Amino acid sequence: QKEVEQNSGPLSVPEGAIASLNCTYSDRGSQSFFWYRQYSGKSPELIMFIYSNGDKEDGRFTAQLNKASQYVSLLIRDSQPSDSATYLCAATGGGADGLTFGKGTHLIIQP
Amino acid sequence: EAGVTQFPSHSVIEKGQTVTLRCDPISGHDNLYWYRRVMGKEIKFLLHFVKESKQDESGMPNNRFLAERTGGTYSTLKVQPAELEDSGVYFCASSQDDGTVTYEQYFGPGTRLTVT
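Chains as they are written, first to last, in my numbering: chain Z, 9 to 119; chain R, 464 to 579.
Below, the structure written as C-alpha cells:
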C-alpha cells in the first residue's frame, strides 16, 4: 500500500528563520511530489512540485527530492506568520494519476 | 480564471438518505478528481475522470458511491444510502491535460458532509 509519512507537529519556528518540513514515501514507483498548504477550513493550495532529484527553488520555497532515500522536503526561508498552516506532502506515480497524501505537518511561525 | 467550485459547501443528512455533491472544474481541464478527508485521517483519493471517462476508480470505498461526469464538464458524486462513516470533507480537484510530466492539481473548497 502506498504511504506518505509526515510528522504531524506542531513545528514551531521563529519569524524570519528557515522552516524545514519533511516527508517520506513508501512506493519506489512514485515519480512526482507535491507540496500543498492548507489553512484551517480551506482547500489545499499548491505551493510547488518536484520530480527530479535535487533542489528546486521558487521564491522563498525550496523543494528537495532524494529518490534513493525516498525523502522529500520543503524549506521556507524568511518565515512569516502568514506561513502558519498545515503543509501537505503528496506523491503520484506520474502523469495525471491521483495523489497519495500524508497527514500534513502543522507549522506555526512565532512573531 | 475561475477556480474549482463545489456545491454545497455543507450538507447534513440522516443515515440512509441520499446526497449528491457537485464539482465544476477549471474551464478546459480534462482531468477531474474526487478526494475525501475523514476526521483525523489524510486526504484519500477516490477517483479520476479524463473527460467523461473514469480513468481510475480504485479509491471508491464501496458501491454506495456513484460518480458521473456527463459531457466531460461538471461531475457529481452521489452517496446512496449514506452511512455514518461517510462523514468528512469531499474535495474535488482538476488538472489540465498538457502532456507534461507533472499535472498540477488544483483543489476546490470542499463539501463538508455530516451524516447523523
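A virtual CB, placed ideally from N, CA and C, is assigned to each residue, including glycine.
No experiment lies behind these values; they were computed from the predicted model shown.
Given a cut-off of 7 Å on the beta-carbon distance, is the pair residue i and residue j in contact?
i	j	result
SER81/Z	GLY573/R	no
ALA99/Z	PHE41/Z	yes
LEU96/Z	LEU19/Z	no
SER87/Z	ALA25/Z	yes
ASP549/R	VAL578/R	yes
LEU73/Z	GLU567/R	no
GLN14/Z	THR113/Z	yes
LEU31/Z	GLY102/Z	Sequence inspection shows Cys at residue 31/Z; the Leu mentioned does not correspond to that position. No; because the gap between Cβ atoms is not below 7 Å, this pair is not in contact.
MET56/Z	ASP63/Z	no
Could you round the C-beta distance between residue i and residue j to whole angstroms and report it? I think they count as a contact, below 8 Å.
i	j	result
LEU540/R	ALA556/R	The pair is not a contact, with the Cβ atoms about 13 Å apart (cut-off 8 Å).
ALA71/Z	ILE58/Z	4 Å
HIS492/R	GLY106/Z	15 Å between Cβ atoms; not a contact.
GLY569/R	VAL467/R	For clarity, residue 569/R is Tyr in the given sequence; the question names Gly instead. So it is a contact: roughly 6 Å between Cβ atoms.
Please check if any C-beta of chain R sits within less than 7 Å of the C-beta of residue i.
i	result
TYR47/Z	no
SER34/Z	no
TYR95/Z	no
GLY110/Z	yes
LEU54/Z	yes
TYR79/Z	no
ALA99/Z	no
Could one say the Cβ of residue i lies closer than 7 Å to chain Z's Cβ atoms, at least one of them?
i	result
GLU505/R	yes
GLU477/R	no
ASN526/R	no
PRO572/R	yes
THR584/R	Outside the shown range of chain R (464 to 579) lies residue 584/R, about which nothing can therefore be said.
TYR496/R	yes
HIS511/R	yes
Could you spell out where the beta strand (DSSP E) holding residue i opens and where it closes?
i	result
MET56/Z	53 to 58
GLU505/R	Careful: GLU505/R lies outside any beta strand (DSSP E) and carries neither H nor E.
GLY103/Z	Careful: GLY103/Z lies outside any beta strand (DSSP E) and carries neither H nor E.
VAL467/R	Careful: VAL467/R lies outside any beta strand (DSSP E) and carries neither H nor E.
SER28/Z	27 to 33
TYR79/Z	79 to 84
GLN118/Z	113 to 118
ARG36/Z	ARG36/Z -> no beta strand (DSSP E), and no H or E assigned at all.
ARG68/Z	It is not in any beta strand (DSSP E) - ARG68/Z carries neither H nor E in the DSSP assignment.
ASP487/R	482 to 487
THR579/R	Here THR579/R belongs to no beta strand (DSSP E), and DSSP marks it neither H nor E.
PRO22/Z	19 to 22
Run through the segment 513 to 571 of chain R for me and flag every whole beta strand (DSSP E) of 3 or more residues, listed as ranges in chain order. Runs of the beta strand (DSSP E) inside the segment 513 to 571 of chain R: 516 to 519, 528 to 531, 538 to 542, 551 to 558.
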